[in-house]
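The numbers in numbering that gives the first Met the number 0 rise by one with no breaks, and the one at position 59 of the sequence shown is 58.
A virtual CB, placed ideally from N, CA and C, is assigned to each residue, including glycine.
All figures in this text were calculated on a predicted structure; none of them were measured in a lab.
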Amino acid sequence: MEQWQVLDIYDGDPTPGEPASIRAMAADSRRAVGEADEHGTRLRAIAALSGALALRGDFAATVEQELALLPAEAKALADAHLACTRALSSFADELERVQRQSRSALQRGMAADSQYRSLLDQFCALTRRSPRGSGIWRGLTESDASGEREPVYSMASSVGRSARLCEAERQEARASALQAKGLYQEAAGRCATAIRAATLTSTRLNAARRSAPDTGASSSTTSGRIAGPAGKKPQLPPHPRHNLERVQPGSRTKAANTVVLPTADVTKDIDDINSGRATWDAGRQRYVVNGRTYIPKDGRMVPESGPGLEALDHQEYESLKAYIRFDGDLDAADAELSRDPYNTPAHRARALEVFRHHSKYQE
0 MEQWQVLDIY DGDPTPGEPA SIRAMAADSR RAVGEADEHG TRLRAIAALS
50 GALALRGDFA ATVEQELALL PAEAKALADA HLACTRALSS FADELERVQR
100 QSRSALQRGM AADSQYRSLL DQFCALTRRS PRGSGIWRGL TESDASGERE
150 PVYSMASSVG RSARLCEAER QEARASALQA KGLYQEAAGR CATAIRAATL
200 TSTRLNAARR SAPDTGASSS TTSGRIAGPA GKKPQLPPHP RHNLERVQPG
250 SRTKAANTVV LPTADVTKDI DDINSGRATW DAGRQRYVVN GRTYIPKDGR
300 MVPESGPGLE ALDHQEYESL KAYIRFDGDL DAADAELSRD PYNTPAHRAR
350 ALEVFRHHSK YQE
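Structure below.
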């Protein structure tokens, strides 16, 4: 855990987990698919012979009804396990990718830090100065050689320049590790949402079959207790492009753009919506949950407003992309943005409010 502190990450591994263990879970789930399919086949065979069994007594009708329901329930169970298998397999693949990124960032950061510390020692030996503060002095640059005489000035200036570049490399590695952390959280959220959705779907289907009147008609797969589209099928989380860490310089800019900050627990929101714990505003065709508003569209939730959901207009979103493109160099980004007569200081100030939550933002 301590090794990640070299990147100023103090809560441990940003991409924890073992892909092999997750794949083992996926394999167990896939075996369960086969078992459920096998049970379903046997149950259908038994149900087909129920008339020949010539059951008698008070419970005969109940037994025959149960036999008719069980094959479909076994299929629902198999489908749920299959969805879980796919979700776990996908998460294992994504975990491997983000771990490669975070491990590479850690190695880069450790190398840059080691070289920086060596250069700091050289600078202090040349100038006979002591490091600033109680911890590692991170701000060494060539400007710190000012006031020294030759030949010390030239040597100390060169050391300071190299130290500045090493610290920049460490900061880039940190940003890469934090990006990997964001991608990891998104992947874990998608996996959890898919598993919850599979479980909810199976439960709803079976509940609907058992609560349907025995009229011979097929039962509805909708839930009468969950209002809105989520009552028909579980809704997917917002597209990853809404997440702040996924905004790229080439991202498409619309007239209205909603950015999801890391502080918003969107995974819980979607789980609450799919579980019936959200408020459905039928008039506005929106879900309201945990103070946030979502618009259902084509089976997926679109974030609209609320804590951690930031609405940006065209120029504000363009400003945000510029801050990301310039890796947090606000002066350089503002210089470019100011060339656009339609981009105002107010647009840039609003974008900066959002950018402060990005891993590339530097105080």
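TODO: Examine the Cβ distances between the region 266 to 282 and the region 226 to 240 and report whether three or more of them are shorter than 8 Å.
DONE: yes
Task: residue 353, enclosing alpha helix (DSSP H) - first and last residue - done: 344 to 354
TODO: Using 10 angstroms around the beta-carbon of residue 188, count the other beta-carbons present and answer buried if the total reaches 16, otherwise exposed.
DONE: buried
- [ ] Using 10 angstroms around the beta-carbon of residue 4, count the other beta-carbons present and answer buried if the total reaches 16, otherwise exposed.
- [x] exposed
Task: Closest by C-alpha distance to residue 77, when choosing among 35, 44, 90, 116 - done: 35
TODO: Could you tell me the boundaries of the beta strand (DSSP E) in which residue 296 lies?
DONE: 291 to 296
TODO: Write down the C-beta distance between residue 13 and residue 176 rounded to the nearest angstrom, noting that I regard them as a contact closer than 8 Å.
DONE: 6 Å
Task: Beta-bridge partners of residue 336, as assigned by DSSP - done: Note: residue 336 sits in no beta bridge, so no partner.
TODO: Could you have a look at residue 37 and say whether DSSP puts it in helix, strand or coil?
DONE: helix
Task: Same chain only: Cβ atoms within 6 Å of residue 151, ignoring 5 sequence neighbours per side - done: 125
TODO: Take residue 288 and list the residues in its own chain whose beta-carbon comes closer than 8 Å to its own, dropping the five residues that flank it on each side.
DONE: 268, 271, 272, 276, 277, 278
Open item on the list: Less than 8 Å between the beta carbons of residue 293 and residue 306, yes or no?
Closed with: no
Task: Supposed close pair residue 260, residue 309 - CB separation, criterion 8 Å - done: 6 Å
Open item on the list: Under 8 Å, with one C-beta from each stretch per pair, do the region 140 to 151 and the region 317 to 333 reach the 3-pair mark?
Closed with: no
Task: Euclidean distance between Cα positions of residue 38 and residue 73 - done: 7 Å
Open item on the list: Can you look up residue 279 in the DSSP assignment and give me helix, strand or coil?
Closed with: strand
Task: Where residue 265 falls: helix, strand or coil (DSSP) - done: helix
Task: Buried versus exposed, by CB contacts within 10 Å (16 or more), residue 179 - done: buried
Open item on the list: On the criterion of 16 or more Cβ atoms from any shown chain inside 10 Å, does residue 159 qualify as buried, or is it exposed?
Closed with: buried
Task: Cβ pair residue 265, residue 237 closer than 8 Å - done: yes
- [ ] Check whether the Cβ atoms of residue 336 and residue 321 sit closer than 8 Å, and answer yes or no.
- [x] yes
Open item on the list: Among 1, 18, 17, whose alpha-carbon lies nearest the alpha-carbon of residue 10?
Closed with: 1
Open item on the list: Determine whether the beta carbon atoms of residue 239 and residue 185 lie at a separation below 8 Å.
Closed with: yes
Open item on the list: Could you compute how far the alpha carbon of residue 161 sits from the alpha carbon of residue 140?
Closed with: 8 Å
Task: Local conformation of residue 117 per DSSP, three classes - done: helix
Task: Contact belief for residue 137 with residue 88 at Cβ below 8 Å, rounded distance in angstroms - done: The Cβ separation is near 42 Å, so there is no contact.
Open item on the list: Just to confirm my understanding: we take residue 116, look at its own chain, exclude 5 residues before and 5 after, and list those with CB closer than 8 Å. What are they?
Closed with: 135
Task: Euclidean distance between Cα positions of residue 353 and residue 30 - done: 46 Å
TODO: Since I believe residue 198 is in contact with residue 79 (beta carbons under 8 Å), could you give me their beta-carbon distance rounded to a whole number of angstroms?
DONE: 6 Å
Task: Burial state of residue 149 (16 or more Cβ within 10 Å) - done: exposed
Task: Top-ranked residue by Cα proximity to residue 18, from 96, 40, 247, 42 - done: 96
Task: DSSP state of residue 239 mapped onto helix, strand, coil - done: helix
- [ ] Determine, using beta carbons only, whether residue 172 and residue 75 come nearer to each other than 8 Å.
- [x] no
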